[in-house]
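Let me begin by presenting the structure, written as structure tokens, before commenting on it.
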Amino acid sequence: DEILSLNGKQLRGYTHQEVIELFKAVREGIVELEITRRH
């Protein structure tokens with residue numbers, strides 16, 4: 031599976047580490063993910 035966006039922010043072009051930092055920045059509240067399944 032691949033995460034496409036986090037709270038509406040498209041993640042294409044971000045490194046794995048950059049995405050981890052974005053997740054860490056979300057301290058509380060609802061988290062919206064857009065995910066695709068690779069076949």
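Per my numbering, the sequence shown starts with residue 31, numbered consecutively.
Heads up, the beta-carbon is just placed ideally off N, CA and C, and yes, glycines get one too.
Here the structure is a predicted model, which is why all the values come from computation and not from measurement.
| What residue does the alpha helix (DSSP H) around glutamate 51 start on, and which one ends it? | Residue 51 sits at position 21 when you count from the first residue of the sequence shown. First-last of the alpha helix (DSSP H) with glutamate 51: 46–55.
| task | Rounded to whole angstroms, what's the CA-CA distance from threonine 66 to leucine 41? Just pull it up for me. | result | Reading the sequence shown from its first residue, position 36 is the one you call residue 66. Reading the sequence shown from its first residue, position 11 is the one you call residue 41. Looking at the two C-alpha atoms, the distance is approximately 12 Å.
| task | Please report how far the alpha carbon of histidine 46 lies from the alpha carbon of glutamate 58, in whole angstroms. | result | Taking the first residue of the sequence shown as position 1, residue 46 is located at position 16. Taking the first residue of the sequence shown as position 1, residue 58 is located at position 28. Our two residues, histidine 46 and glutamate 58, have alpha carbons roughly 21 Å apart in a direct line.
| field | Alpha-carbon spacing of glutamate 62 relative to glutamate 32, whole angstroms | value | For the purposes of this step, residue 62 is identified with residue 32 of the sequence shown, where counting begins at 1. For the purposes of this step, residue 32 is identified with residue 2 of the sequence shown, where counting begins at 1. Glutamate 62 and glutamate 32: Cα-Cα distance of roughly 14 Å.
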